[in-house]
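>
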Amino acid sequence: MIKKLVLVFIALFAIQSYAQETTSSPYSFYGIGTLKFKGSVENVSMGGLSIYKDSIHVNFRNPATYGGDNLKSFNNESRPVKFAVSASSTLTNLETSTSEDRVSSTSFDYLALSIPLGKLGFGFGLLPYTAVGYRLETNNNEGNLDSRFNGEGGVNKAFLSFGYQLTEGLSVGIDANYNFGNIQNNTVQFRYNDENEPLATQSQETNRSDLSGVSFNIGLHYQRMITNKLELQSSFTYAPSSDITSNNERSFSNITFNASGTEVPINTIEADLAASGLDKTDLNLPSRLSFGAGLGQPRKWFVGVETTTQNTSEFSNILFENVGATFEDASTYSFGGFYIPKYNSFSSYWKRVVYRGGIRFENTGLVVENQSIDEFGISFGVGLPVGTNRNPFSNTNIGIEIGQRGTTNANLIQENFFKFNISLSLNDRWFQKRKFD
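In terms of this note's numbering, the sequence shown opens at residue 176 and continues consecutively.
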């Protein structure tokens, strides 16, 4: 039954992801798009908190969590193999000082498999890292359409992670990531005659960047019982700066519009970017540092705080230097946790449900018109058990986040968003000792 459920889940959201843009944020115009991945559904439901380690969920933010002890409930033979898949849907209200609009997007969020090998554990998977999806227009002094900007694409990440438990409670790990994807955008400049009527043909500039590169992330995780019931967990990760290679193309076209308003190129000229050294450029992915700690009672409750800083001011892209934006160092502060009424209750299903909640404050690092683009989110979620008597640890995770990004100051856009997240975290036993020869 679970296998059929997984196939339906993947097929449904794969269709939805290809049918719609994965983001509708106007701020994805800048850099390599808006940050798409902010952790698993369990993390996001706790305000982005990613310091907690257990044996039944994949923690994408800290590779050290892949290592650990075998489970007593599995006769100390192994930890479960973990499979995770997720998707989300976002409804956003775009608001300026004079108008507003509503957009929506649906996307695949991640797919991963984690396999234990004693104190060692490794995992691999795929996730969208950033997303580009915007349609912007500006007007001239006469109130007519002046420019139209369209963009799509983003950066994906394929990862291979290793974690190892050095001593009781202390684990270390590393992620090796291959970043790849493409960003496409075009700009149409509208011209008018003396009677203020649009000309039959207009001018269009089209750009495409194909991106690829390798990055790394190292992590430490520590946990110990400090009283008979109280457990401390702490987490540290560091991702050094790295480069992504961008192979670039640019063209200029005269276009007209058909009856449905679709752009039809009349003639196109390919720009010689090689002559100016812009056919192949490097983009710097800034270094990132995170640290957090929390307290809780195992299988009962947990509460923690986490801070993340990123040297976004180092970001550069020589191909698009004059886009009206700059970058400053980014930071995120998360506070959240979970509560389980009674994890082994036989009388009530809802007592075995995990209830999560959290809040986060984020400076994205983007500065437009001298305004820092900040983001705020408050989140809630539940983990619903769907396991069997043989493997009781599988669960469906549902999360809701309500938040805000940007500002209406300086004629900018404020995004008020509602995001629905869902994931499957499936666990199985692959490594069992034979009881009979």
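Just so it is clear, CB atoms sit at the ideal spot from N, CA and C, and this is done for glycine as well.
Inspect the beta-carbon positions of F568 and G562 and report whether they are closer than 8 Å.
For F568 and G562, yes; Cβs fall inside 8 Å.
> Rank N234, F536, P440, E544 by C-alpha distance to the C-alpha of E576 and give the top, closest one.
F536
> Could you pull the start and end residues of the alpha helix (DSSP H) that V216 belongs to?
216–219
> Thinking C-beta only, is T209 closer than 8 Å to T305?
yes
> How is A656 classed by DSSP in three states: helix, strand or coil?
Look at the range of the chain in this structure, 176 to 612, and you will see that residue 656 is not part of it.
> Rounded to whole angstroms, what is the Cα-Cα separation between E544 and V260?
39 Å
> Do S426 and G157 have their beta-carbon atoms positioned less than 8 Å apart in this structure?
Residue 157 is absent from the model: the chain starts at 176 and stops at 612.
> Between V216, G394, T273, E217, which lies nearest to P238 when the distance is taken from Cα to Cα?
G394
> Alpha carbon to alpha carbon, what distance is there between G329 and R580?
One C-alpha to the other measures close to 19 Å.
> Excluding the 5 residues preceding and the 5 following T482 in the sequence, name in chain order all residues of the same chain whose CB lies nearer than 8 Å to its CB.
S465, F466, G467, S506, T507, Y508, S509
> Considering Cα atoms alone, identify which of E270, I349, G511, N319 is closest to G298.
I349
> Pick from Y397, Y241, L286: whose alpha carbon is nearest that of A262?
L286
> To the nearest angstrom, how far is it from the Cα of N429 to the Cα of T381?
11 Å
> Can you tell me whether F204 is helix, strand or coil according to DSSP?
helix
> When you compare the CB positions of S390 and L460, do they come within less than 8 Å of one another, or not?
Yes, the Cβ-Cβ distance between S390 and L460 is below 8 Å.
> Should F204 be labelled buried (16 or more other beta-carbon atoms within 10 Å of its own) or exposed?
buried
> Taking Cβ to Cβ, would you say H396 is nearer than 8 Å to S336?
Taking 8 Å as the Cβ cut-off, H396 and S336 do not qualify as a contacting pair.
> Suppose you measure from the CA of L598 to the CA of I444; what does that come to, to the nearest Å?
Leu is not the amino acid found at residue 598; the sequence shown has Ser there. Rounded to whole angstroms, S598 to I444 spans 46 Å at the Cα level.
> Can you give me the C-alpha to C-alpha distance between N392 and Q379, rounded to a whole angstrom?
40 Å
> List the whole-angstrom C-beta distance separating S600 from K257, where the pair is believed to meet the contact cut-off of C-beta under 8 Å.
A Cβ-Cβ distance of about 7 Å is found for the pair S600 and K257, placing them in contact under the 8 Å criterion.
> If you draw a straight line from the C-alpha of G532 to the C-alpha of I226, how long is it?
14 Å
> Less than 7 Å between C-beta atoms, sequence neighbours within five positions excluded: which residues of the same chain meet that for V374?
According to the sequence displayed, residue 374 carries Leu and not Val. Counting only Cβ-Cβ distances below 7 Å, and skipping sequence neighbours, we find R366, Y367, N368.
> Taking the alpha-carbon of N234 as reference, which of K517, S289, L458, K332 has the nearest alpha-carbon?
S289
> What are the start and end residues of the beta strand (DSSP E) that includes G394?
377–400
> If you check the beta carbons only, do Y202 and L541 fall under 8 Å apart?
It is a contact, given that the beta carbons lie within the stated cut-off.
> Suppose you measure from the CA of L187 to the CA of F283; what does that come to, to the nearest Å?
For L187, the predicted structure reports a pLDDT of 43, less than 50, and the residue's modelled location is therefore unreliable. A value from the coordinates is still provided. Cα-Cα distance, rounded: 10 Å.
> Measure the alpha-carbon distance for R463 versus V528 and round it to whole angstroms.
34 Å
> Tell me whether L458 sits in a helix, a strand or coil according to DSSP, three-state version.
The answer is strand: DSSP assigns L458 an E or B state.
> If you draw a straight line from the C-alpha of G578 to the C-alpha of V307, how long is it?
So the two alpha carbons sit approximately 19 Å from each other.
> Buried or exposed for K455, going by 16 or more other Cβ atoms inside 10 Å?
exposed
> Is A585 helix, strand or coil when you go by DSSP?
helix
> Taking Cβ positions, are G512 and E217 nearer each other than 8 Å?
no
> How big is the Cα-Cα spacing for Y413 and N360?
Those two C-alpha atoms are separated by around 32 Å.
> Could you tell me which of L320, N354, D603, T582 sits nearest to S272, measuring between CA atoms?
T582
> DSSP puts A262 in a beta bridge; with which residues?
F283, I597
> Is R527 helix, strand or coil by DSSP?
helix
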